[in-house]
Each structure stands twice: as C-alpha cells, then as structure tokens.
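Residue numbers (the numbering used here): 9 to 343. Ideal Cβ positions, reconstructed from N, Cα and C, are used throughout, including at glycine. Here the structure is laid out as structure tokens; the discussion comes afterwards.
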C-alpha cells in the first residue's frame, strides 16, 4: 500500500470583479446587508465573450498545478473533476479537460457533490494512488455559477453568495515517504436534499414543462436554499467531521497548523474557529474576495494560502466542507 501527497496546486478566477454595490443595481440589496449575512464583499463572474467556461477555467487551474508539480499532461493517469455547473448536462467536464489538455485516453470521472465535491474528489484520488492503480491524479474543482443565478430581488438570498472560479491539485504517489494525505472522512444525509437544491431541469422536469407549469415567481431551475436550516446543520457537521479526522490520527485541536474550510459563509467559518479556539493565523478565508465557489472554493483557498507561504512543510492542514445533499467531509494532510 502506497501513500499519496499533493505535489502541485493552482487556481484561476475570472478578471471580472462584481462588488456588492454592483449587485445592488440589479436587485433590492446593499453592501451592508450582504456583508452582515455572509461576510462577502465581492466575487468574480465570467464575462460573456471572455472565453471562460467551467471546463476552460479548470484547464487554466490545472495547467498551473501541473507546472508546480513539474509534470506534463502526459504524466497524468486519471482526472477527477468536481462541479455542480458543467458546461453541458452531459458529458461532464472531466472528458473536456482530457481533450483540451491533449492527454491520452486516460479515464475521467466527474464528482457531483456540490460544496463538498473537492473533498470527495481528493478522497477518490487518494484511494486510487494508495492502491497503486495510478501514480498521478489530477483533481479539479470548477464552477460557473453566474450563468445560472437569478439576479433579481426574488433570488438575492442565493445570488449574492456565489462566484465563479477553479482550483486544481495534483495527487501523486508519495515517493519521499514523508507527509502526505493522512485520512479522508465522508458523510451524507439525503433526507435534507430539498433544503439546498436545484430541482430542474431534470428527468422529472424537462425545460418546456418547467416553463409551462411553474409561475414566474417560483422557478425551480434557479437554486433554492433554506439559509438558516443549512447554517444550523453546517456548524454541527463541520465540528463533527473535524473531530473525526483528528481522532482517526490520534491528534487534538492544538495540532492543527492551518484550517481551510469550504468558503460558504464567513459566519460559519467564524463560528467553527471560535468553537475550536483557533487563532486567526490558523484559519484561512478568502470568500470575502471570491464568494462561494462551491467545489472550487477549497482548492482556490488552498492554492492561495500555499502561494502566500501560510502552509509550510510539516504543517497539519485540515480541509472540511459541507453542502447540498447534505454531504460533508474532511481531509487531514501532513504537508
């Protein structure tokens, strides 16, 4: 049995910055309202004609990650692509990355676990490397939220939160024998599926039926979120899965060097930080700049934290996410 480690990181966000004040021109909201509820100040949105898409952004982030891992596209054995916003209903983004990066006929797997998608994808990559089946796995989280949000007052509780972007990691066989991914911990609870969801289009509700059968004030092809319900469950599950990861490795909170949560809401992150009594320098948040980029949020934050020198060799890095499904999970890494 081998061990795996992250050998390269990269991220990409569109150049187009959308501030809270910009959104206030589209809907009944304001900067103070958004900051108070989410902590978000601005986010990035794809601009029509800029050439970006979910898969294209994934390729841009992956190219940086491969360069930092000192690998060529031909060195990758497997792609795991996490997103809730693929370019097409099918096929998924993984095969598009394989094509755009000129890779051989390697396998590509799409993970549709929304906010916890990157955590699940890292776990999948870790298992394939540990068993010896693959040596280098490219893991991508990428989202184009702006293409499917309701930018009216009706949709403001959701639309002010989300942004576009991509992050990538190369998970490789740990040749050095030191550090690496220690463990991953995954969970789900489908009975709460309707509390954070997009219910159409689907095989039950194709587009013509949705438009014909639903009044315009209640459109199921825009995302729905029961914010308070999600918040209450998130803070419980975040705590549980972090403790689970620490216990599995005979560690305590004091062993954490840096905690990188899914960037959903600054209030959730602050609640968990306070509960675990972590100082500011042990928690990395960037949702203030990028909003919630769902499957891309952890890899963007991880890449950015590493670039800023906040992650050092030997550090215990804890990743945790919670989101639609409900699904949640954590990853314990010795850098």
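Per DSSP, the unbroken alpha helix (DSSP H) holding residue 29 starts and ends at 28-32.
At the C-beta level, residue 119 and residue 88 come within 8 Å of one another. Between residue 25 and residue 295, the CB-CB gap reaches or exceeds 8 Å. Annotation for residue 15: the continuous beta strand (DSSP E) segment containing it runs 12-20. The continuous stretches of beta strand (DSSP E) do not include residue 80, and DSSP gives it neither H nor E. Scanning its chain for C-beta atoms nearer than 7 Å, with the 5 sequence neighbours on each side dropped, one finds around residue 101 the residues 62, 63, 66, 89, 91, 94, 95, 118, 150, in chain order. A straight line joining the alpha-carbon of residue 135 with that of residue 128 spans about 11 Å. Straight through space, the alpha carbons of residue 207 and residue 199 are spaced by roughly 15 Å. Residue range 335-342 is occupied by the beta strand (DSSP E) that includes residue 336. About 6 Å separates the beta carbon of residue 330 from that of residue 246, a gap short enough to meet the 8 Å contact definition.
No Cβ-Cβ contact shorter than 8 Å links residue 172 with residue 341. Inter-residue distance for residue 242 and residue 292 is about 18 Å (C-alpha atoms, whole angstroms).
Note on residue 22: 16 or more other CB atoms within 10 angstroms of its CB, so buried under the neighbour-count rule.
Only residues of its own chain outside the window of five on either side were considered, and among them 261 have a CB closer than 6 Å to the CB of residue 284, listed in chain order. In the pairwise beta carbon analysis, the stretch 297-306 is classified as touching the stretch 172-183: at least three pairs are separated by under 8 Å.
Using a 10 angstroms sphere on the CB of residue 68, the tally of other CB atoms reaches 16 or more, which defines it as buried. Residue 28 sits buried, since 16 or more C-beta atoms from the chains shown fall within 10 Å of its C-beta. Ranked by Cα distance from residue 178, the first of 332, 289, 17, 269 is 17. Within the same chain, and ignoring the five residues on either side of residue 73 in sequence, the residues whose Cβ sits closer than 7 Å to its Cβ are 16, 17, 18, 176, 177, 178. Along the stretch 260-333, the alpha helix (DSSP H) occurs as fully enclosed runs of 4 or more residues at 274-284, 295-298, 305-315, listed in sequence order. Residue 119 sits in a strand when the DSSP states are folded into three classes.
Under the three-state reduction of DSSP output, residue 91 falls in the coil class, being neither helix nor strand. If you ignore the 5 residues before and after residue 258, its C-beta comes within less than 6 Å of no other C-beta in its own chain. Comparing alpha-carbon positions, the option among 287, 268, 46 lying closest to residue 164 turns out to be 46.
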